[in-house]
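Comments concern the structure below.
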Amino acid sequence: MIKIICVGKLKEKYLVDACLEYIKRISKYTKIEIIELKDSNIKEERDNILKYINKEFIITLEIEGNMLDSPTLAHKIDNIFLTNPNITFIIGGSDGLHDDIKK
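Using my numbering, read the sequence shown as starting at 117 and increasing by one per residue.
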């Protein structure tokens, strides 16, 4: 299963449409869950994100992270699924992610 936890909501129709298309494509291979949280201060966002994290493999998407091209990301996801059936991607708000989430 892939879970995506993101702070904020997409407003532009073309982005919403693109996300729906990718969800449709991914759902052929694995279950996918999207959790959209409201924007707030970084500590509240941390608390809200932590409510949805269990024992899955976490990948944070953040400005300080490493840039991966599509083939590298696909290979990484394939390798993770070999040992863990659940991956969660976390996308922070405009202030980024709290250090507790990054750890």
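We put the beta carbon where it would ideally sit given N, CA and C, even for glycine.
In this text the structure is predicted, and so the values were computed from the model without any measurement.
Cα atoms of Asn170 and Asn202: separation of roughly 10 angstroms, rounded to the nearest angstrom. In the structure shown, Leu126 adopts coil according to DSSP, grouped into three states. If you look at Glu180, you'll find it isn't in any beta strand (DSSP E); DSSP assigns it neither H nor E. His214 and Lys154 do not touch by the CB rule: their CB atoms are close to 15 angstroms apart, not below 8 angstroms. For Leu166, the secondary structure class from DSSP, reduced to helix, strand or coil, is helix. Per DSSP, Thr146 has no beta bridge partner at all. Out of Ile207, Ile196 and Lys147, the CA that lies nearest to the CA of Ile179 is found in Ile207. For Pro187, the uninterrupted alpha helix (DSSP H) segment begins and ends at Ser186 to Thr199. If you compare the alpha carbons of Ala190, Thr204, Thr199 and Asn195 with that of Leu177, the shortest gap goes to Thr204.
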